[in-house]
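K.L.:
Residue numbers (our numbering), protein chains in the order written: chain A, 1 to 262; chain C, 1 to 364; chain E, 1 to 279.
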């Protein structure tokens, strides 16, 4: 169980989070959504320790900020938004950086980087230079590295966590679905996933739990149907949105075509 | 398939590293080749010199139990051997400092010279040369001929400390601030050096010029004993930084998420560079281009993985400096060309060539 | 004079003659030649360029950056070096290799010249030649002193070491150039600083030298009469107005070797061209 309470963040002179909090369970996919500037990435970065913040973050009751970097790395991996690589590493070499901690001791460790690449649809890309990949390919190569770091969703009975900051932002729809399935599979296998997303439909499709943010505060959190309501979304996004569901599977969807700008 | 700069794979059955992207095998072969290269360079260095003492003759005498002449002993053990060891340590220190600094600043063009460590060490040396005579005789007696090297070391050390204080806020070192502060400190050291040059007399000016060009001519056991422990400590600490520097290539945040204690590693990296550069500049003066050309060449051959890059840089730096030293003592024998001139003449064009060939990758 | 006599007594006990000698210092090399001992030389440093024959000998480099192996390569049994030759590490290695490394005073004065002659003569087993040279030099210096003392109004002389980019580097007190100016019966126009300094235009104008003295070498450091007249500060000096510019060979003027009395005499005549009787 991951629990962030009363998180406040001030960047420069501007306070951007006001006592936000979230709860996420292993085995489930928790998605943070909200309009631009609502503080969703800031909340994720406060939880992962990228930003200094007030409040508490606990992982299975332990203070996450008090854990040593190497033991924290054993329990969670973080996919940043976009990153610039400093030297001409090959894709294999970048992915291999995720081979850290106890996974590196597995007998098949040498084969894991290419298996991680297969999972993100980049089989055979190992020999390319990372810097020569397209933006979407770079994002998936980074995801392969992050997956490798927490290769086993549950290790010795302890669930491991994936923190994904807009994992599908640079991807085409096919790869968006591929990556979302991958994240869901990780959660189904017992790991925890916390992702920041822009796309409400993908969120509706894949999230088990949604945290909706507005102006540095959590507006609502809970199951998809409870949070993604006409009222909540219209308030958060400042335009009238209608949530619909397909009768067949009962899945929620939001049609931009049906929106009315206030 | 994108054309890759490296050549054929090692084996026919195993998939080539061009396909897998795993260059660790290539890196291991490179390191082995470099070990052989350094050994050959060391033998050449021991066996070559103006005095014409040949290693073969000495070996034959040694095996047959014949006494070496005094001259052979002095040339081999008091001149060439300390010089060989100094050259290897200085070359390795400069190359490893360059590689660590480039990894720390995530910039393939970074060099200890850039953050002012070199300029600070230079200022220390100039202070000692110009103002040394005004020191109390007691200090002069203790420091003796080590005054200039010691001052250079403390100059580099002090610069690094100031730099570090300026660019560290709340326990976090900002690399961008450090780069800018380094440029400012470098300019300040340069200006202070300029003032000292202005008040220096004619003979001191010539000393300054020679010191700035770099030389291993003064390498003896005494200097080596003072500087070697510092350089060796730095060289031993460097491999501990390899994983952290690899992680830093992804960015500081990503490195931290990989389980790297980023701030502690940055501290260690800065300390390593200050110690290695300060001690190297102290024994040999200003020797350029090793710190920037060696890591570059190696990244072309075996990729930027610091687990292999750091040891390979130490080896290639050591071997290249030995070769440059052999050239410097043979080319105008019995006089000697300052080795800094040799490394600059060889390193400058090589560096330009690398920049032209690899423009796409360097301009990130 | 007393000092010279004492040292001459030293010559009575000659040291073993050395046959492979490296000389480090231009003035010292000239003394070796003046003593007729040049056949013993096997090497010299960059500053040793007179007499011209010496340039045929191997050059061991700049006197403060001597290479130990380079020296040993010449297989010397004696190194005669000016004070300040080094580095210290090289000197130590010469001692380890049992090669005597003799450091000789570089005092720019007649007494210094005599002391150098005597020391070198002693080490080269050339006592008789040394004695003869000392006697000759003493009389030359005595004659010079007489002429210099006869000067009633000494001229203010400025020694220009270099004029690179129009920036004038001139000699202050405690320099060889200053000592030569005084030997020749002039006064140094700059005695408020020691050593060589880059001067501001105002300082040059204020010093108002009657004569400008410089070395007759080429290259960047040289400065022609036309450039002196055109220079904002030098052009305003009395020296420029009267065209009193003297050029002399550098090692002749500043070597403080056996030709020093002669050089000072020549400078004296150039400073005071109107005929006057000495004494």
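Virtual Cβ for every residue (Gly too), placed ideally from N, Cα, C. Please read these numbers as outputs of a predicted model, since none were measured by experiment.
Out of curiosity, what's the CA-to-CA distance linking residue 126 of chain E and residue 229 of chain C?
P.N.:
Roughly 50 Å between the two C-alpha positions.
K.L.:
Compile a chain-ordered list of the residues in the region 250 to 275 of chain C whose CB is closer than 7 Å to at least one CB of chain A.
P.N.:
Residues passing the 7 Å Cβ filter: 250, 251, 253, 254, 256, 257, 258, 259, 260, 261.
K.L.:
In the structure shown, what three-state DSSP assignment does residue 351 of chain C receive?
P.N.:
Helix, per DSSP.
K.L.:
Within a Cβ cutoff of 6 Å, which residues of the same chain sit near residue 262 of chain C, ignoring the five residues on either side of it in sequence?
P.N.:
Excluding sequence neighbours, residue 262 of chain C sits near 252, 255, 256.
K.L.:
With a cut-off of 8 Å, do at least 3 Cβ pairs link the region 123 to 137 of chain C to the region 166 to 186 of chain C?
P.N.:
No: the two stretches stay apart, fewer than three of their Cβ pairs being nearer than 8 Å.
K.L.:
Residues of chain C with CB under 8 Å from residue 23 of chain A, in chain order?
P.N.:
The premise fails here: residue 23 of chain A is roughly 22 Å from chain C at the closest Cβ pair, so nothing lies under 8 Å.
K.L.:
Assuming contact is defined by CB atoms lying nearer than 8 Å, are residue 43 of chain E and residue 22 of chain E in contact in what I supplied?
P.N.:
Contact: yes.
K.L.:
Would you mind telling me which residues of chain A sit closer than 9 Å to residue 83 of chain C, beta carbon to beta carbon, in chain order?
P.N.:
The premise fails here: residue 83 of chain C is roughly 34 Å from chain A at the closest Cβ pair, so nothing lies under 9 Å.
K.L.:
Just to make sure I have the definition right: I need the residues of chain C whose C-beta is within less than 7 Å of the C-beta of residue 70 of chain A. Which are they?
P.N.:
Per Cβ cutoff of 7 Å: 259.
K.L.:
Please report how far the alpha carbon of residue 15 of chain A lies from the alpha carbon of residue 32 of chain A, in whole angstroms.
P.N.:
If I take the Cα positions, the gap works out to 19 Å.
K.L.:
Taking Cβ-Cβ distances below 8 Å as the criterion, which residues of the region 43 to 67 of chain E are in contact with chain C?
P.N.:
Those residues of the region 43 to 67 of chain E that come within reach of chain C (Cβ to Cβ, closer than 8 Å) are 43, 46, 58, 59, 60, 61, 62, 64, 65, 66, 67.
K.L.:
Taking just the CA atoms, how far does residue 225 of chain E sit from residue 243 of chain E?
P.N.:
Roughly 8 Å separates the two Cα atoms.
K.L.:
Going along the region 193 to 207 of chain C in order, which residues come within less than 8 Å of chain E, judged by CB to CB distance?
P.N.:
Result list: 198, 201, 202, 203, 206, 207.
K.L.:
Which word fits residue 84 of chain A, buried or exposed, when buried means at least 16 other C-beta atoms lie within 10 angstroms of its C-beta?
P.N.:
Flag for residue 84 of chain A reads exposed.
K.L.:
Just the chain D side, please: which residues come within less than 9 Å of residue 91 of chain A by C-beta, in chain order?
P.N.:
Looking at the structure shown, chain D is missing, and the protein chains on hand are A, C and E.
K.L.:
Do we get a CB-CB distance below 8 Å when we pair residue 107 of chain A with the residues of chain C?
P.N.:
So no, residue 107 of chain A is outside the interface.
K.L.:
Taking a Cβ distance cut-off of 8 Å, strictly less, list which residues of the region 79 to 95 of chain E are near chain C, in chain order.
P.N.:
Correct list: 84, 87, 88, 89, 90, 92, 93.
K.L.:
Return helix, strand or coil for residue 137 of chain C, following the three-state DSSP convention.
P.N.:
It is helical.
K.L.:
Report all residues from its chain with a CB closer than 6 Å to the CB of residue 198 of chain E; omit the five preceding and five following residues, and keep chain order.
P.N.:
Taken in chain order, the residues that qualify are 167, 169.
K.L.:
Measure the alpha-carbon distance for residue 187 of chain E versus residue 88 of chain E and round it to whole angstroms.
P.N.:
If I take the Cα positions, the gap works out to 36 Å.
K.L.:
Please confirm whether residue 78 of chain A has its beta-carbon closer than 8 Å to some beta-carbon of chain C.
P.N.:
Residue 78 of chain A counts as touching chain C.
K.L.:
Quick one: measure Cβ to Cβ for residue 29 of chain A and residue 195 of chain A, integer angstroms, because I've assumed they're closer than 8 Å.
P.N.:
Between residue 195 of chain A and residue 29 of chain A the Cβ distance is about 7 Å, and since that is below 8 Å, they are a contact.
K.L.:
Grouping DSSP H, G and I as helix and E and B as strand, with all else coil, what is residue 218 of chain A?
P.N.:
Residue 218 of chain A: strand per DSSP, three-state reduction.
K.L.:
Which stretch, first to last residue, makes up the beta strand (DSSP E) that contains residue 151 of chain A?
P.N.:
Careful: residue 151 of chain A lies outside any beta strand (DSSP E) and carries neither H nor E.
K.L.:
In terms of residue numbering, what span does the beta strand (DSSP E) encompassing residue 272 of chain E cover?
P.N.:
Premise fails: residue 272 of chain E is in no beta strand (DSSP E) and is neither H nor E.
K.L.:
Where does residue 12 of chain A land, buried or exposed, given buried means 16+ other C-beta within 10 angstroms?
P.N.:
That one is exposed.
K.L.:
Once you ignore the five residues that flank residue 58 of chain C on each side, which residues in its own chain have a CB closer than 7 Å to its CB?
P.N.:
Correct list, in chain order: 68, 72, 76.
K.L.:
Does the beta carbon of residue 156 of chain C fall short of 7 Å from some heavy atom of the ligand ADP?
P.N.:
Absence of the ligand ADP is noted for the structure shown, with no ligands found whatsoever.
K.L.:
Output the distance between the C-alpha atoms of residue 176 of chain A and residue 168 of chain A, rounded to the nearest integer angstrom.
P.N.:
Near 5 Å, if we compare the C-alpha coordinates of residue 168 of chain A and residue 176 of chain A.
K.L.:
Counting only Cβ-Cβ distances shorter than 9 Å, please list the residues of the region 85 to 117 of chain C near chain A, keeping chain order.
P.N.:
Against chain A - using a Cβ distance shorter than 9 Å - the residues of the region 85 to 117 of chain C are 102, 103, 105, 106, 107, 108.
K.L.:
Take residue 216 of chain E and list the residues in its own chain whose beta-carbon comes closer than 7 Å to its own, dropping the five residues that flank it on each side.
P.N.:
So the list reads 247, 248, 249, once near-sequence residues are dropped.
K.L.:
Can you pull the DSSP bridge partners for residue 81 of chain A?
P.N.:
DSSP, once it has assigned bridges, lists no residue as partnering residue 81 of chain A.
K.L.:
By the 7 Å beta-carbon criterion, what residues does the region 286 to 306 of chain C contribute toward chain A?
P.N.:
Under the 7 Å Cβ criterion, the region 286 to 306 of chain C contributes 299, 303, 304, 305.
K.L.:
Considering just the uninterrupted stretch of the alpha helix (DSSP H) at residue 117 of chain E, what are its terminal residues?
P.N.:
Here the alpha helix (DSSP H) through residue 117 of chain E covers 110 to 123.
K.L.:
Can you tell me the Cα-Cα spacing of residue 136 of chain A and residue 79 of chain A, whole angstroms?
P.N.:
The alpha-carbon atoms of residue 136 of chain A and residue 79 of chain A are separated by roughly 14 Å.
K.L.:
Would you list, in sequence order, the uninterrupted beta strand (DSSP E) runs of no fewer than 3 residues that lie entirely inside the region 272 to 335 of chain C?
P.N.:
Here no run is fully enclosed.
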